[in-house]
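The block underneath contains the structure these notes are about, expressed in structure tokens.
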Amino acid sequence: MLASLHSSNTSQAPVAHFLSEHSCLSIDHFSLAYAGKEALRDLTLSVPRHRVTAFIGPSGCGKSTLLRAINRLHDLNESVTHSGQVKLEGQDIHDPQMNVTELRRRVGMVFQTPNPFPMSIYENVAFGLRLQQRLPKRKRDDIIEWALTSAALWDEVKDRLHRSAWQLSGGQQQRLVIARTLAVQPDVLLLDEPASALDPISTLKIEELIRNLKSELTLVLVTHNMQQAARVSDYTAFLHQGELVEYGPTDQVFTNPRLQRTENYITGRIT
Amino acid sequence: MDITSDSHSQHISRQFNQELEELKTHLMAMGGLVEKQVQDAVFALLEGDTRLAEQVRDNDRQVNDLQLQIDDECTRVLARRQPAASDLRLVLAVIRATSDLERIGDEASKIARNALLLSENSSTIRGLVEVRHISEHVRKMLRDALTAFARFDTDLAMQVVREDQLVDDEYSSAMRSLMTFMMEDSRSITSVLSIMWVLRALERVGDHADNLAEYVVYLVKGLDIRHSDTDDLDPKVLKKS
Ligand SMILES: Nc1ncnc2c1ncn2[C@@H]1O[C@H](COP(=O)(O)OP(=O)(O)OP(=O)(O)O)[C@@H](O)[C@H]1O
Ligand SMILES: [Mg+2]
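Chains as they are written, first to last, in numbering that gives the first Met the number 0: chain A, 0 to 270; chain B, 0 to 240.
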């Protein structure tokens, strides 16, 4: 499947649709403006299922805006207008049938600064579960252990589950936030610069975690760290001033990008 | 996406520009030295100049040292800059090119050693016409390959790739004539064998020049043509993207 994907991508079209991959998210002519000022312009791309897709681009190009849109975090901002579609597994996320709480369960989001809740490690992970359904304690404990294990944190916290989450290091807090998100079993995990506030070792742990989570869900990673995008992602999309400039297999984008603008950005050239 | 020879001077980091520029400069210096080695070795053989032949043999050390130095510089750039895209391709092409240049240097030494052997031989030496002819051909290929590298000129590089097929043909036909000389005159066997080694060395120089040309295409186009049939390639390479 990947082979045919690569070969179909030799065309000169600036936007690759990766037709042969199963699409998890598909964004179709999506535009978004803050108070009439366009932040995303006519984006069309599809995010393949069980892959890591990186969004890269200079500050202000719209990466966070796009992630927030996928989660409908703009809903409460009345100045935001949008057009086009975002589909999750074929279903339009703006469809009146779509329940926003359910959307946010299925599409988890992790931000740059770790934001654990002011409660114990255990309660942090149990939080979403408690909102969602009443579970017998045994069952809940199992899910919490599973989520912390998946987030590669279990061994470090299993003896202090009832201590405050604030006692964890920044890197551990970020993995806790990921565990909290995983506990409700999302289909998609959106990560907005999840490692930019972390030291190199914690960063590598997060990267390892991202790679391992691929078998469970679909990941979208925003990063300013080119090497990080190159290390962990399968596909890379380069955004510039609200537009999708180039989108392709990471191997290709980082060894032989099709467009000068992409090359200049990833190699640190003056544009 | 195609790149041009000044693509590597546009980084925000001026020091990075300089490091890449130095890689190219040092590669060209090594190329110049190796070209001279081949030229001197062939001259020493044709003119029976033993001093020059000894000099070529001794200079091989310098070629090896340059290879180590450039490889070191490449390693440093890889470790410190983590180059991507055309920067990465430049570093990889330079590493590969130094290895081919070093081996061209070895071939020049071989020619020089055979020049010394032949100088002890008093009878007329057969096959010098072929040596002269093929050496001119491969030296031009080497010069063009280096020029193509310096200018990021894929048209010139493709010309070198095509030339290599002609050299291979010339080499086969020269070998056939030398076999005939040996059969006709058994006293010439030792010297003809030496000449055969020289021709073999020159043919290898052509192959290495061909490799250098292929790295230029990789560097500029991001296309690895090392194991492709050149006849299928030209249109793809010549197409501007
Ligand atoms: N709440 C908001 N109200 C108005 N404009 C906004 C808002 N959020 C973002 N913008 C504008 O939208 C554009 C895209 O911003 P966004 O935060 O998506 O960029 P980004 O690619 O995530 O940048 P960075 O890499 O710095 O995080 C910018 O011009 C920004 O100023
Ligand atoms: Mg952002």
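No residue lacks a Cβ here, since even glycine has one placed at the ideal position from N, Cα and C.
- Not a single CB atom of chain B sits nearer than 8 Å to the CB of residue 247(A).
- At a cut-off of 8 Å between beta carbons, residue 206(A) makes no contact with chain B.
- The shortest CA-to-CA distance from residue 98(A) to any of 123(A), 74(A), 258(A), 173(A) is the one to 74(A).
- When secondary structure is reduced to three states using DSSP, residue 37(A) falls in the strand class.
- Using a Cβ-Cβ cut-off of 8 Å, residue 127(A) does not count as an interface residue toward chain B, since no Cβ of chain B sits closer than that to its own.
- Exclusion of residue 202(A) from the 7 Å shell around ligand 1 follows from its C-beta lying no nearer than that to any non-hydrogen atom of the ligand.
- Per DSSP, the beta-bridge partners of residue 82(A) are 30(A).
- DSSP lists 87(A) as the beta-bridge partner residues of residue 90(A).
- Annotation for residue 242(A): 40 place their beta carbon closer than 6 Å to its own, counting only its chain and skipping 5 residues before and after.
- Taking 7 Å as the cut-off, the C-beta of residue 246(A) does not count as close to any heavy atom of ligand 1.
- If the five residues before and after residue 88(B) are omitted, its C-beta is found closer than 7 Å to the C-beta atoms of 217, 218, 221, all from its own chain and listed in chain order.
- In this chain, the alpha helix (DSSP H) harbouring residue 42(B) covers 13–46.
- Fewer than three pairs of CB atoms, one per stretch, sit closer than 8 Å, so the region 96–109 of chain B makes no contact with the region 171–186 of chain B.
- Listed along chain A is no residue with a C-beta nearer than 8 Å to that of residue 111(B); the closest approach is about 40 Å.
- Within the region 151–167 of chain B, not one residue has a Cβ closer than 9 Å to any Cβ of chain A.
- Under a criterion of Cβ atoms nearer than 8 Å, the residues of chain B adjacent to residue 267(A) are, in order, 10, 11, 12, 15.
- Remark: the shortest separation between the CB of residue 35(B) and any heavy atom of ligand 1 does not fall under 7 Å.
- Pairing residue 187(A) with residue 175(A), the inter-Cα distance amounts to about 17 Å.
- When DSSP states are grouped into helix, strand and coil, residue 152(B) belongs to the coil group.
- The alpha carbon of residue 82(B) has as its nearest neighbour, out of 68(A), 226(A), 133(A), 236(A), the alpha carbon of 226(A).
- For residue 63(A), the CB falls within less than 7 Å of some heavy atom of ligand 2.
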